[in-house]
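Asker: In our numbering, the protein residues as written are -8 to 202.
Built from N, CA and C at the ideal position, the CB exists for glycine as well.
No experiment lies behind these values; they were computed from the predicted model shown.
Sharing a structure with you now.
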Amino acid sequence: MKVNPAPLHLAQAGITGVIVAFSIAILGTSAHTLDVFNKQQTSNPWWLPLWPQHFEVSGTKALLASSVVTLVLSGTFLIMSLVPKLNLANRHTLRALLALGTTLPTGLLTLVTIIYAHILNNNAPELDTIQTWTCKYKDSRPLQQDPQMPSNMGNGNFSGLCRESKFALYGTLTVFLLLGASMGLSIVTWLADKWTARQQRKEMEMGQPQS
């Protein structure tokens, strides 16, 4: 039975490319929400300047950090697998080790990050995260007697921050699932490569003239 591992290589590169794209998006959204919080928490009344201890932002920082690590490791494997000079397509075991060496740590990291962020979100309303706070008050309006506040002094951007913070969390969950698929595909690809190489050796041996 002949097996063509080329489509598996292509699928693996495609999944890794999607992981890199998601990591960039998660990095951007989590960094933006954290930046807005840091800039407005001490001055915007919607962020309770007198009670900074009410907010727990370590979950957002964890999502940011995990996206950076995932981007670096997955990007490294993607680049190395596409560089012809390295010839990873014909170095089957090395390719598999690189794939597992980049996906396994990031898979564990994203799993821990998702669980950690979910636990922090469940602490509301005692302690709020950026996600729980902005999603809770995104549709609230100031009292009628309150003066019109500048855009950076109200909750006008809470709807966008809510969406971005949700994307960072559920995007990380998507990355975790993609990393799991990539790990499984790495093993299948390695087995297909080994099978193909073995079949080629057999064909060469059978094609050699008897002495």
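According to DSSP, what are the bridge partners of Asp119?
Answerer: Phe46.
Asker: Quick check on the DSSP output: the alpha helix (DSSP H) that includes Lys30 runs from which residue to which?
Answerer: Lys30 -> alpha helix (DSSP H) spans Ala(-3) to Gln31.
Asker: Thr84 to Ser14, Cα distance in whole Å?
Answerer: Going by the C-alpha atoms only, they are around 27 Å apart.
Asker: Please name the residue, chosen from Asp119, Thr120, Trp124 and Asn146, that lies closest to Arg132 on a Cα-to-Cα basis.
Answerer: Of Asp119, Thr120, Trp124 and Asn146, the residue nearest in Cα terms is Asn146.
Asker: Can you tell me which of the three DSSP states Asp130 falls into?
Answerer: Residue state, collapsed to three classes: coil.
Asker: Count Cβ pairs between the region 151 to 161 and the region 115 to 126 that sit closer than 8 Å; are there 3 or more?
Answerer: They touch, by the three-pair rule.
Asker: Could you check what DSSP says for Thr165 in three-state terms: helix, strand or coil?
Answerer: Helix at Thr165.
Asker: Kindly give me the distance between the Cβ atoms of Leu170 and Thr67, rounded to whole angstroms, as I take these residues to be in contact under 8 Å.
Answerer: With a Cβ gap of about 14 Å, Leu170 and Thr67 do not count as contacting.
Asker: Please determine, among Leu100, Gln44, Pro36 and Ala53, the residue with the shortest C-alpha to C-alpha distance to Thr20.
Answerer: Thr20 has its Cα closest to that of Ala53, out of Leu100, Gln44, Pro36 and Ala53.
Asker: Take the Cβ of Thr180 as the centre, count every other Cβ of all protein chains shown within 10 Å, and call the residue buried at 16 or more, exposed below.
Answerer: Flag for Thr180 reads buried.
Asker: Per DSSP, what kind of secondary structure is Arg189 in: helix, strand or coil?
Answerer: Arg189: helix per DSSP, three-state reduction.
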